[in-house]
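K.L.:
Questions regarding the structure given below will be posed in turn.
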Amino acid sequence: MSSASVFAASNYSFILSISEEEARLKALDKYLSTRSYIQGFTFSHADVEVFRQFSRPPMDQHFHIVRWYRHIEAIYGGSNEKIEPCKLQTSKGKRTQPHWSSPEGTKQSKLCLYNSLTRNKDVFQPQNGKKVTWYCCGPTVYDASHMGHARSYISFDILRKVLRDYFKYDVFYCINITDIDDKIIKRARQNYLFEQYREKKPPAVQLFEDVRIASKPFSAVLNDTTDPDKKQMLERIQNAVKSAVEHLEEAVQKKLPGEEINKHAEKLLEEAKDVLSEWLDTKFGNQVTDNSIFSNLPKFWEEEYHKDMEALNVLPPDVLTRVSEYVPEIVAFVQKIVDNGYGYVSNGSVYFDTMKFDATEKHSYAKLVPEAVGDQKALQEGEGDLSISADRLSEKRSPNDFALWKSSKPGEPSWDSPWGKVRISTWESFYLVHFPIIILPKFQFDILCSNQNACWNEWGEGSTHLKVVCIRMNASF
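Just so you know, the UniProt record's numbering puts 308 at position 308 of the sequence shown, and the rest follows in order with no gaps.
Put into structure tokens, the structure is as follows:
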């Protein structure tokens, strides 16, 4: 018996000693996750034998077990050794990874890329010789770039240069800037309202009272926060506000000169910006109607993003697009989805009908990540929502349906459409090579929408979120 076999067998002895089968499956899945990414897919006889010990086939939620099972089955399926592994079972037959065929074209290279649709390495085959059209999902520009952006776009740039300079592909690189999004709208509105409040220079008594009122909902959010990193950040803000309040109170009580009091008041405004902005937005947000307010913020942060990329020696794109510049084209795209019967209008918004799509024999919902079906938190983030009200949920025929267009509420920018005053949802992204953030279901939306508009990209490259000290850093969300 090889050392690998002995190692695997010793670990499996512990796993198989667990009496409850579901617990055994979870333990096995966790163990295989380590072997998948550190040791690779070199397996032993013990690996094969362990799959025979379970009373049922692996379910698709046990991601690493399913991966190993498919790998073992593929190898034994082509050998002369007699083996009868159990057949793979999923929660829905259609939701297994589908067969993928390389597009027709002139074979110029043997470059292999990880295909997220098949979860295998496949030969990269452009449709038009050495010409590669590459779409990259750019940042959502509502704040300064961070380590997540740096990691992602440096990675993309390295691969772009390898394709261009080493493999000699003629790469046409397009990047899209998301300049319409819930986060952008809210941040722009809050910044506008806060600056208005600051310009009024409220007296110390009024500032004390407003901060006290605004701190109540902020404290409630803090108490409900479970993420340790976010909670720590909110606690720092709360402590800084308390300290600034105490210093201003002390200055007022001591009747210091007006200049000193104003200095402490400005410090309190600076520390309480997040607290006051959220409160002001709740109180006056629906009164903001000037569309330029919502365009100035993304313009500023887009410019800062380009400066950062230049400083990192990241090549500029061949073409740069912005969501706001393609509203007529997006309207036509959504209209075609509705005309094909896979979109529906509800309370002024347009949604994709995932149930109808999935019920069609030739289609399959969530083919990219079948195990993510029903993940409402990821669905919400992928759709660009900061929160989903009960009214919004009631608009959907299914919780899995996602917005193609959202009805514009007071305090939001809007565009004319066949469905009334609406604004764009965060999903439109299509090209031959698609290099997005694969952790979100947004790009499963792309597959669905593209299938209904004859605009499917052949390759779907994906990056992941960067984690530094367990803090997730989104690359564009």
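All C-beta atoms, glycine included, are put in the ideal place defined by N, C-alpha and C. Just so we're clear, the structure is a prediction, and the values are computed from it rather than from any experiment.
Closer than 6 angstroms by C-beta to alanine 214: which residues in its own chain qualify, once you throw out the five before and the five after it? Chain order, please.
P.N.:
Residue mapping note: residue 214 aligns to position 214 of the sequence shown, counting from 1. The residues are Val275, Leu276, Trp279.
K.L.:
Leaving aside the five residues before and after serine 13 along the sequence, list all residues of the same chain whose C-beta is less than 8 angstroms from its C-beta, in chain order.
P.N.:
Walking along the sequence shown from the start, residue 13 turns up at place 13. Here the set comprises nothing.
K.L.:
Is tyrosine 351 near glutamate 395, with beta carbons less than 9 angstroms apart?
P.N.:
The count along the sequence shown starts at 1 and reaches residue 351 at position 351. The count along the sequence shown starts at 1 and reaches residue 395 at position 395. It is a contact, given that the beta carbons lie within the stated cut-off.
K.L.:
Grab me the residues of proline 298's own chain with a C-beta within less than 6 angstroms of its C-beta, minus the 5 sequence neighbours each way, in chain order.
P.N.:
Here residue 298 is taken as the residue at index 298 of the sequence shown, counted from 1. Answer for proline 298: Val141, Asp179, Ile184, listed in chain order.
K.L.:
With a threshold of 8 angstroms, are at least 3 pairs of Cβ atoms found where one atom belongs to the stretch 307–319 and the other to the stretch 234–242?
P.N.:
The answer is no - the stretch 234–242 does not touch the stretch 307–319, with fewer than three Cβ pairs under 8 angstroms.
K.L.:
Go to tryptophan 279, then tell me how far its alpha helix (DSSP H) extends in each direction, as first and last residue.
P.N.:
In the sequence shown, the residue the question calls residue 279 occupies position 279. It spans 273–284 - the alpha helix (DSSP H) in which tryptophan 279 sits, taken as one unbroken run.
K.L.:
Drop a sphere of 10 angstroms on the beta-carbon of leucine 386, count the other beta-carbons inside from all chains shown, and report buried for 16 or more, exposed for fewer.
P.N.:
On the sequence shown, residue 386 is found 386 positions in, with the first residue counted as 1. The predicted position of leucine 386 is uncertain, since its pLDDT is 48 and thus under 50; a value taken from the coordinates is nonetheless stated next. By the neighbour-count rule (16 or more Cβ atoms within 10 Å), leucine 386 is not buried but exposed.
K.L.:
How long is the line joining the alpha carbons of histidine 306 and serine 292, rounded to whole angstroms?
P.N.:
Looking up residue 306 in the sequence shown gives position 306. Looking up residue 292 in the sequence shown gives position 292. Straight-line Cα distance between these residues: approximately 21 angstroms.
K.L.:
By how many angstroms is the C-alpha of glutamine 61 removed from the C-alpha of isoleucine 15?
P.N.:
Taking the first residue of the sequence shown as 1, we reach residue 15 at position 15. Taking the first residue of the sequence shown as 1, we reach residue 61 at position 61. Those two C-alpha atoms are separated by around 18 angstroms.
K.L.:
To the nearest angstrom, report how far apart leucine 440 and histidine 149 are at their CA atoms.
P.N.:
Reading the sequence shown from its first residue, position 440 is the one you call residue 440. Reading the sequence shown from its first residue, position 149 is the one you call residue 149. With a pLDDT of 36 at leucine 440, under the threshold of 50, the modelled position of that residue is not reliable, and no figure is offered here.
K.L.:
Report the rounded CA-to-CA distance for residue 546 versus valine 327, giving the unit in angstroms.
P.N.:
For the chain, the structure presents residues 1 to 477; residue 546 sits outside this window and is missing.
K.L.:
By how many angstroms is the C-alpha of lysine 121 removed from the C-alpha of arginine 70?
P.N.:
On the sequence shown, residue 70 is found 70 positions in, with the first residue counted as 1. On the sequence shown, residue 121 is found 121 positions in, with the first residue counted as 1. So the alpha carbons of these two residues sit roughly 14 angstroms apart.
K.L.:
Between glutamate 246 and chain C, is the shortest Cβ-Cβ distance under 9 angstroms, so that the two count as touching?
P.N.:
This model lacks chain C altogether; it includes just one protein chain.
K.L.:
Do lysine 421 and serine 349 have their beta-carbon atoms positioned less than 9 angstroms apart in this structure?
P.N.:
By one-based count along the sequence shown, residue 349 stands at place 349. By one-based count along the sequence shown, residue 421 stands at place 421. No; because the gap between Cβ atoms is not below 9 angstroms, this pair is not in contact.
K.L.:
Lysine 121 bridges to which residues according to DSSP?
P.N.:
The sequence position of residue 121 within the sequence shown is 121, counting from 1. Looking at the DSSP assignment, lysine 121 forms a beta bridge with Tyr114.
K.L.:
DSSP on leucine 256, reduced to helix/strand/coil?
P.N.:
Here residue 256 is taken as the residue at index 256 of the sequence shown, counted from 1. In this structure, leucine 256 counts as coil in the three-state DSSP scheme.
K.L.:
Is phenylalanine 218 near leucine 234, with beta carbons less than 9 angstroms apart?
P.N.:
Working through the sequence shown from its first residue, we reach residue 218 at position 218. Working through the sequence shown from its first residue, we reach residue 234 at position 234. Result yes, Cβ atoms of phenylalanine 218 and leucine 234 sit closer than 9 angstroms.
K.L.:
Hey, would you say leucine 320 sits closer than 9 angstroms to alanine 265, going by beta carbons?
P.N.:
For the purposes of this step, residue 320 is taken as the residue at position 320 of the sequence shown. For the purposes of this step, residue 265 is taken as the residue at position 265 of the sequence shown. No, the pair does not count as a contact, with Cβ atoms beyond the cut-off.
K.L.:
Which whole-angstrom value describes the C-beta separation of valine 211 and alanine 272, a residue pair presumed to lie in contact below a C-beta threshold of 8 angstroms?
P.N.:
Here residue 211 is taken as the residue at index 211 of the sequence shown, counted from 1. Here residue 272 is taken as the residue at index 272 of the sequence shown, counted from 1. So it is a contact: roughly 5 angstroms between Cβ atoms.
K.L.:
Measure from the alpha carbon of cysteine 112 to the alpha carbon of each residue in Arg151, Ala359, Lys216, Leu163, then state which is nearest.
P.N.:
On the sequence shown, position 112 is the one that residue 112 refers to. When each option's Cα is compared against that of cysteine 112, the closest is Leu163.
K.L.:
What is the rounded straight-line gap between the Cα of glutamate 325 and the Cα of aspartate 143?
P.N.:
Looking up residue 325 in the sequence shown gives position 325. Looking up residue 143 in the sequence shown gives position 143. Rounded to whole angstroms, glutamate 325 to aspartate 143 spans 20 angstroms at the Cα level.
K.L.:
With 16 other CB atoms within 10 Å as the buried threshold, where does glutamine 253 fall?
P.N.:
Mapped onto the sequence shown, residue 253 falls at position 253. Exposed: under 16 other Cβ atoms inside 10 Å.
K.L.:
Methionine 419 by DSSP, collapsed to three states: which one?
P.N.:
Against the sequence shown, residue 419 aligns to sequence position 419. A quick correction: the sequence has tryptophan, not methionine, at residue 419. In this structure, tryptophan 419 counts as coil in the three-state DSSP scheme.
K.L.:
Measure the CB-CB distance between valine 132 and aspartate 170 and report whether it falls below 9 angstroms.
P.N.:
Working through the sequence shown from its first residue, we reach residue 132 at position 132. Working through the sequence shown from its first residue, we reach residue 170 at position 170. Cβ distance < 9 angstroms, so valine 132 and aspartate 170 count as in contact.
K.L.:
Less than 9 angstroms between the C-beta atoms of threonine 360 and phenylalanine 402, yes or no?
P.N.:
Your numbering for residue 360 matches position 360 in the sequence shown. Your numbering for residue 402 matches position 402 in the sequence shown. No, the pair does not count as a contact, with Cβ atoms beyond the cut-off.
K.L.:
Comparing C-alpha positions only, which one of Thr289, Arg67, Glu303, Glu49 sits nearest to serine 116?
P.N.:
Position 116 of the sequence shown, counted from the start, is the residue given in the question as residue 116. For serine 116, the nearest C-alpha among the options comes from Arg67.
K.L.:
With the cut-off set at 9 angstroms, would you say leucine 312 and isoleucine 175 are in Cβ contact?
P.N.:
Sequence index remark: in the sequence shown, residue 312 carries index 312 (1-based). Sequence index remark: in the sequence shown, residue 175 carries index 175 (1-based). Contact flag unset, no.
K.L.:
Alpha carbon to alpha carbon, what distance is there between glutamate 270 and glutamate 195?
P.N.:
Position 195 of the sequence shown, counted from the start, is the residue given in the question as residue 195. Position 270 of the sequence shown, counted from the start, is the residue given in the question as residue 270. Approximately 11 angstroms, taken between the alpha carbons.
K.L.:
How would you call isoleucine 65, buried or exposed, if buried means at least 16 neighbouring beta carbons within 10 angstroms?
P.N.:
Along the sequence shown, one-based indexing puts residue 65 at 65. Classification of isoleucine 65: buried, given that the 10 Å Cβ count is 16 or more.
K.L.:
Taking the alpha carbon of proline 410 as the point to measure from, which residue in Gly285, Phe63, Val331 has its own alpha carbon closest?
P.N.:
The sequence position of residue 410 within the sequence shown is 410, counting from 1. The shortest Cα separation from proline 410 among Gly285, Phe63, Val331 belongs to Gly285.
K.L.:
Exposed or buried, what is lysine 186 when buried is set at 16 or more other beta-carbons lying within 10 Å of its beta-carbon?
P.N.:
Residue 186 sits at position 186 when you count from the first residue of the sequence shown. Buried: at least 16 other Cβ atoms inside 10 Å.
K.L.:
Can you name the residues that DSSP bridges to lysine 267?
P.N.:
Here residue 267 corresponds to residue number 267 of the sequence shown, with the count starting at 1. Note: lysine 267 sits in no beta bridge, so no partner.
K.L.:
Can phenylalanine 300 and glutamate 412 be called in contact, C-beta distance under 9 angstroms?
P.N.:
As a first step, residue 300 is located in the sequence shown; it is residue number 300 there, counting from the start. As a first step, residue 412 is located in the sequence shown; it is residue number 412 there, counting from the start. Not closer than 9 angstroms, so no.
K.L.:
By the DSSP assignment, the beta strand (DSSP E) with arginine 189 in it spans what residues?
P.N.:
Translated into positions along the sequence shown, residue 189 becomes position 189. From DSSP, arginine 189 is part of no beta strand (DSSP E) but of the alpha helix (DSSP H) over 182–199.
K.L.:
Looking only at C-alpha atoms, which of Asp157, Ala188, Pro418 sits nearest to tyrosine 173?
P.N.:
As a working note, residue 173 is residue 173 in the sequence shown. Closest option to tyrosine 173, Cα to Cα, is Asp157.
K.L.:
List the whole-angstrom C-beta distance separating serine 414 from valine 331, where the pair is believed to meet the contact cut-off of C-beta under 8 angstroms.
P.N.:
Residue mapping note: residue 414 aligns to position 414 of the sequence shown, counting from 1. Residue mapping note: residue 331 aligns to position 331 of the sequence shown, counting from 1. In fact, because the Cβ distance is near 13 angstroms, the residues do not count as touching under 8 angstroms.
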